[in-house]
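**Q**
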Amino acid sequence: MEGRTPIIAGNWKMHKTRAETRNLIKELAAGLRINAPACEVITAPPFISISDAVEETRNTQIRVSAQNMHWEDHGAFTGEISGPMLKEAGCSHVIIGHSERRQYFGETDEMVNLKIKAAMKHELIPIFCLGETLTQREDGKTFEVVKDQLIRGMEGISSSDPTRLVIAYEPVWAIGTGRTATPDQAQEVHGFLRRELGALVGIDFAAKVRILYGGSVKPANTRSLMNRDDIDGCLVGGASLKSEDFLGIIKGTA
Ligand code: PGA
Numbered sequence: 186m187e188g189r190t191p192i193i194a195g196n197w198k199m200h201k202t203r204a205e206t207r208n209l210i211k212e213l214a215a216g217l218r219i220n221a222p223a224c225e226v227i228t229a230p231p232f233i234s235i236s237d238a239v240e241e242t243r244n245t246q247i248r249v250s251a252q253n254m255h256w257e258d259h260g261a262f263t264g265e266i267s268g269p270m271l272k273e274a275g276c277s278h279v280i281i282g283h284s285e286r287r288q289y290f291g292e293t294d295e296m297v298n299l300k301i302k303a304a305m306k307h308e309l310i311p312i313f314c315l316g317e318t319l320t321q322r323e324d325g326k327t328f329e330v331v332k333d334q335l336i337r338g339m340e341g342i343s344s345s346d347p348t349r350l351v352i353a354y355e356p357v358w359a360i361g362t363g364r365t366a367t368p369d370q371a372q373e374v375h376g377f378l379r380r381e382l383g384a385l386v387g388i389d390f391a392a393k394v395r396i397l398y399g400g401s402v403k404p405a406n407t408r409s410l411m412n413r414d415d416i417d418g419c420l421v422g423g424a425s426l427k428s429e430d431f432l433g434i435i436k437g438t439a
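The following block contains the structure:
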């Protein structure tokens with residue numbers, strides 16, 4: 186973990202109204218005032234709650250991420266939100282290529298690549314998600330799949346600042362299933378991704394990029410995951426919706 190500040194990010198998905206967003210952030214902020222976090226804390230509420238979240242997180246250590254974005258700045262793309270809009274709303278990060286976007290909304294590696302580039306252009310930090318399905322794992326294709334996603338997602342990207350890119354390894358079979366990858370399984374892929382990223386953009390750069398694990402992270406399994414060399418934090422779904430659980434996970438990074 187040399188020099189890499191851990192990150193705990195909560196992906197709220199399609200949960201929480203604006204009022205619920207404000208309440209949850211108030212609870213988190215209160216918890217973090219008592220126990221200062223040893224990590225960066227990020228919450229990703231639905232688009233419509235972003236402004237509320239930004240307001241409630243003012244003067245706190247919590248930063249706000251979007252869950253998706255379009256790669257164009259503006260245009261006839263009904264239902265979409267652009268980088269400049271997120272930036273203006275006060276987002277610092279944006280989740281890109283989540284497996285649910287890939288699975289249910291037809292997001293391809295090419296789209297993911299365009300989004301990562303657009304996020305960087307607008308000084309939003311992309312949280313670039315990738316991971317294999319259960320069938321791919323059972324077929325022994327995990328490394329091939331994540332390498333391919335990494336290479337395609339990173340095509341043409343040469344960032345000079347490793348703190349401006351976050352990668353999240355999220356095995357699809359572990360998301361929302363209660364079936365967490367073991368620390369060994371996660372570390373194996375994280376180490377592989379860091380080596381492959383090194384080959385793509387340079388070893389020094391890769392050594393400083395935070396690689397998060399996501400998939401059924403809970404307070405009880407955070408510490409064992411975080412103890413591993415190449416696991417620099419977690420992207421949390423279900424357990425980010427309750428302040429007690431999310432605060433428990435944040436504590437697990439101490
Ligand atoms: P989960 O979701 O923690 O509910 O498994 C993780 C994610 O989808 O980012």
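Note that this note's numbering has the sequence shown beginning at 186, numbered continuously upward.
We put the CB at the ideal spot given by N, CA and C, even for glycine.
1) So the candidates are S409, M270 and K326; which of them puts its Cα closest to the Cα of K306?
2) Short of 7 Å in beta carbon distance, which residues of its chain neighbour A417, apart from the five on each side in sequence? Order them along the chain.
3) Can you give me the C-alpha to C-alpha distance between K272 and P311, rounded to a whole angstrom?
4) Is the beta carbon of G282 less than 8 Å from the beta carbon of C314?
5) By the three-class DSSP mapping on this structure, what secondary structure does G399 have?
6) Please classify D369: is it buried, with 16 or more other beta-carbons within 10 angstroms of its beta-carbon, or exposed?
7) Considering only C-alpha positions, which residue in the set H375, A221, Q252 and T245 is nearest to A229?
8) Pick helix, strand or coil for G422, following the three-state DSSP scheme.
9) Are the beta-carbon atoms belonging to T365 and V402 less than 8 Å from one another?
10) What are the boundary residues of the beta strand (DSSP E) that includes S250?
11) Just to confirm before moving on: does the CB-CB distance between H278 and S234 stay below 8 Å?
12) Under the criterion of a Cβ to heavy atom distance below 7 Å, does E355 qualify as lining ligand 1?
13) Look up N196 in the DSSP assignment and give the residues it is bridged to.
14) Taking only three categories from DSSP, how would you classify A303?
15) What's the gap between the Cα of E355 and the Cα of D430?
16) Could you check the C-alpha separation between E257 and G338 for me, to the nearest Å?
17) So, S344 versus L335, is the Cβ gap smaller than 8 Å?
18) Short of 7 Å in beta carbon distance, which residues of its chain neighbour R286, apart from the five on each side in sequence? Order them along the chain.
19) When you compare only the Cα positions, how much space is there between K155 and S425?
20) Report buried or exposed for E308, applying the criterion of at least 16 other Cβ atoms within 10 angstroms of its Cβ.
**A** The structure says:
1) Here residue 306 corresponds to residue number 121 of the sequence shown, with the count starting at 1. Minimum Cα distance to K306 is reached at M270.
2) To locate residue 417, count along the sequence shown from 1; it is residue 232. The question names Ala, but residue 417 is Asp in the sequence shown. Closer than 7 Å at the Cβ level, and outside the excluded window around D417, lie M186, R189, P191, I192, R395, I396 and L397.
3) Numbered from its first residue, the sequence shown carries residue 272 at position 87. Numbered from its first residue, the sequence shown carries residue 311 at position 126. In a straight line, the C-alpha of K272 is about 12 Å away from that of P311.
4) Within the sequence shown, the letter at position 97 stands for residue 282. Within the sequence shown, the letter at position 129 stands for residue 314. In contact: G282 and C314 (Cβ atoms closer than 8 Å).
5) The count along the sequence shown starts at 1 and reaches residue 399 at position 214. Strand, per DSSP.
6) Here residue 369 is taken as the residue at index 184 of the sequence shown, counted from 1. Its Cβ having fewer than 16 others within 10 Å, D369 is exposed.
7) Position 44 of the sequence shown, counted from the start, is the residue given in the question as residue 229. Answer by Cα proximity: Q252.
8) The residue labelled residue 422 in the question sits at position 237 within the sequence shown. G422: coil per DSSP, three-state reduction.
9) Against the sequence shown, residue 365 aligns to sequence position 180. Against the sequence shown, residue 402 aligns to sequence position 217. Yes. Within cutoff.
10) To locate residue 250, count along the sequence shown from 1; it is residue 65. Unbroken beta strand (DSSP E) run through S250: I247 to A251.
11) Here residue 278 is taken as the residue at index 93 of the sequence shown, counted from 1. Here residue 234 is taken as the residue at index 49 of the sequence shown, counted from 1. Their beta carbons are not under 8 Å apart, which means H278 does not touch S234 by this criterion.
12) One-based indexing of the sequence shown puts residue 355 at position 170. Correct: E355 has its Cβ closer than 7 Å to ligand 1.
13) Here the question's residue 196 lines up with position 11 in the sequence shown. N196 pairs with A229.
14) For this step, residue 303 is matched to residue 118 along the sequence shown. Correct three-state label for A303: helix.
15) Looking up residue 355 in the sequence shown gives position 170. Looking up residue 430 in the sequence shown gives position 245. Going by the C-alpha atoms only, they are around 19 Å apart.
16) Within the sequence shown, the letter at position 72 stands for residue 257. Within the sequence shown, the letter at position 153 stands for residue 338. For E257 and G338, the distance between alpha carbons rounds to 17 Å.
17) Numbered from 1 along the sequence shown, position 159 holds the residue referred to as residue 344. Numbered from 1 along the sequence shown, position 150 holds the residue referred to as residue 335. No. Outside cutoff.
18) Walking along the sequence shown from the start, residue 286 turns up at place 101. Only N253 and E292 meet the Cβ criterion.
19) This structure cannot speak to residue 155, because the chain is shown only from 186 to 439.
20) Sequence index remark: in the sequence shown, residue 308 carries index 123 (1-based). Classification of E308: exposed, given that the 10 Å Cβ count is below 16.
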